[in-house]
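Have a look at the structure below before the remarks.
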Amino acid sequence: MPIVWEKFSGTEEEIEKVKYAGMEEFIIAKNTDIPHKCLWSIDQSCFLPGFFRNSIETFYNFEVRPDDVWLVTFPKSGSTWTQEMIWQICNNLDYERTNNEYESETFSCLESHLQAPLLPKQLWTVKPRIIYVARHIKDVAISFYHHYRNIHHFSGSWQDFFDIFMKDRVMFAPYHTHVYNFWQMRNEENILFLTYEEMKRDHPSVIRKTAHFLGKSLNDEQISELADYLSFSKFSKNPRVNLDIYVDKFQKDLQTTLPDADFRFVRKGVIGSYKEEMPKEIIEAFDRWTRKQIEKTKMDPDIYRVFCDV
């Protein structure tokens with residue numbers, strides 16, 4: 001069995017910090033049979049809620065179809081936004097239907113936040129098209145904190161959250177190896193590496209590049225139309241794609257209310273928003289942490305120059 005896991009057994013204080021919404025058990029999963037191990041980081045662990053142990057092996061053996069498109073991101077890196085872009089490109093800009101309402105028998109856009117070694121093993125032999133999106137680490141951390149607080153009812157302080165984030169004790173961590181593994185594969189023909197920042201700064205160019213990668217042809221008018229449809233001001237207010245309906249359902253199922261009444265699943269969509277919320281000492285701590293990760297794993301610093309100010 002290539003996928004192995006062990007129960008997270010930190011100190012009582014550490015376990016108390018990582019708990020949320022009744023989730024009190026966590027696992028650290030690893031793959032002992034890695035097809036791309038020559039490219040990937042030495043650290044292959046992935047921090048997950050305990051319930052993953054019942055399905056992670058099944059997912060690893062999931063049958064992969066060559067015509068499917070896979071979207072992989074660390075959480076809060078623009079996956080909902082990107083998935084809608086992919087779906088529209090592959091479905092001839094059908095704005096009346098969205099990826100949440102319609103699934104083709106011959107095409108699916110499948111999304112995962114898992115680390116590369118835990119993704120279905122057939123990805124590396126069948127080689128479907130894979131799009132990876134990375135985002136500035138501190139913007140990810142801020143957005144993930146609000147997600148934890150409102151979706152998962154994390155009761156710790158923001159200091160507690162940033163502490164467990166930098167100790168790789170949030171869902172799907174470690175962040176650095178998540179990005180690094182796909183950066184290492186970015187030149188493979190079936191992999192497109194994007195960043196949230198380039199999507200924000202020049203979305204039409206990203207749409208054009210993504211359409212080419214997916215074997216689709218869009219003219220300038222169609223690209224402009226899709227960029228407008230996906231603009232944050234419109235996307236964040238579109239109930240068919242912004243997932244607010246699922247946030248409401250989640251609250252009803254748990255019989256709870258949002259800690260932040262104005263919380264939305266699609267929040268600000270701003271580059272560098274961490275500067276408004278993250279204290280200077282935490283920013284400096286994140287920067288030191290990232291430098292240590294670069295040194296420890298001998299990562300190419302260019303990974304972070306793509307979207308970070310480290």
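Using UniProt numbering, the letters of the sequence shown map in sequence onto residues 1 to 310. From the three backbone atoms N, C-alpha and C, an ideal C-beta is built for every residue, glycine too.
Opposing strand residues paired with Phe-193 [DSSP bridges]: Position 193 of the sequence shown, counted from the first residue, corresponds to residue 193. In DSSP, Phe-193 forms a bridge with Tyr-132.
For Pro-49, the residue or residues it bridges with in DSSP: Stepping through the sequence shown from its first residue, residue 49 is reached at position 49. Beta-bridge pairing links Pro-49 to Phe-26.
Residue range of the unbroken beta strand (DSSP E) whose run includes Trp-70: The residue you call residue 70 lines up with position 70 of the sequence shown. Per DSSP, Trp-70 is one residue of the beta strand (DSSP E) stretching across 69-73.
Cβ-based burial, Phe-74 [other Cβ within 10 Å; buried from 16]: The residue given as residue 74 occupies position 74 in the sequence shown. Classification of Phe-74: buried, given that the 10 Å Cβ count is 16 or more.
Through-space distance from Phe-52 to Phe-182, alpha-carbon basis: Indexing the sequence shown from 1 puts residue 182 at position 182. Indexing the sequence shown from 1 puts residue 52 at position 52. Each residue's CA atom was taken as its position, placing Phe-182 and Phe-52 some 22 Å apart.
Residue-chain proximity (Asn-181, chain C), Cβ-Cβ < 9 Å: Here there is only one protein chain, and chain C is not present.
Residue from Ile-294, Val-170, Gln-159, Asp-160 with nearest C-alpha to Leu-114: Here residue 114 refers to the residue found at position 114 when the sequence shown is read from its first residue. Among Ile-294, Val-170, Gln-159, Asp-160, the Cα nearest to that of Leu-114 is on Val-170.
Buried/exposed call for Ser-202, threshold 16 Cβ in 10 Å: As a position in the sequence shown, residue 202 is number 202, starting the count at 1. The amino acid at residue 202 is misidentified as Ser; the sequence shows Asp. With fewer than 16 other Cβ atoms inside 10 Å of its own Cβ, Asp-202 counts as exposed.
Residue environment, Gln-159, which counts as buried when at least 16 other CB atoms sit within 10 Å: Mapped onto the sequence shown, residue 159 falls at position 159. Classification for Gln-159: exposed.
Coil, strand or helix - Ile-271 by DSSP: By 1-based counting over the sequence shown, the position of residue 271 is 271. Reduced to three states, the DSSP call for Ile-271 is coil.
Limits of the beta strand (DSSP E) - the one that Ile-3 falls within: The sequence position of residue 3 within the sequence shown is 3, counting from 1. In this chain, the beta strand (DSSP E) harbouring Ile-3 covers 3-7.
Residues near Pro-128 in its chain [Cβ-Cβ closer than 8 Å; skip 5 each side]: Counted from its first residue, the sequence shown places residue 128 at position 128. Cβ-Cβ distances below 8 Å link Pro-128 to Val-64, Arg-65, Pro-66, Asp-67, Asp-68, Val-69, Trp-70, Asn-190 in the same chain, with the five nearest sequence neighbours on each side left out; the list follows chain order.
Proximity to Ser-157 [Cα-Cα], best of Pro-301, Glu-221, Glu-12, Tyr-20: In the sequence shown, counting from the first residue as 1, residue 157 sits at position 157. Of the listed residues, the one whose Cα sits closest to Ser-157 is Tyr-20.
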